[in-house]
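These notes are about the structure you will find just below.
Numbering (this note's numbering), first residue to last: 195 to 303.
Here is the structure:
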């Protein structure tokens, strides 16, 4: 099992969302699309993965370079207890538009 979405929560004003993901292997990739949403904040929580080696975003537009989210403006990555928390503010969410491949790597759990 590469990963599973455990919980999705969209705020009542539909401006922010939190998604909890479990990834027992510590490595997974998925596509993120914000089509149909107008978020100003998105939080991804990767459960039971306190550390990370790489958190990357690869825009589906081949003309755009891969983005290291640990260094990206508008993105904050931190340990939250025994989980990894990835927070996108409005500037960070612009990196996802229109859609992107998200990759999480942690081989040292």
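Glycine residues also receive a C-beta, built at the ideal position from the N, C-alpha and C atoms.
- Of the listed residues 268, 242, 203, 235, nearest to residue 216 (C-alpha basis): 242
- Query: residue 269 and residue 260: beta carbons closer than 8 Å?
  - Reply: no
- For residue 228, three-class secondary structure by DSSP: coil
- When the Cα atoms are used, what is the spatial distance from residue 211 to residue 236? 5 Å
- Check whether residue 298 and residue 240 have beta carbons under 8 Å apart: yes
- Item | Under 8 Å between C-beta atoms of residue 266 and residue 289 | yes
- Item | Cut-off 6 Å between Cβ atoms - residues of its own chain near residue 198, not counting five sequence neighbours on either side | 216
- Based on Cα-Cα distance, which residue from 200, 202, 244 lies nearest to residue 277? 244
- Near residue 205, what residues of its chain come up, given a Cβ to Cβ distance below 8 Å and the 5 sequence neighbours on each side ignored? 211
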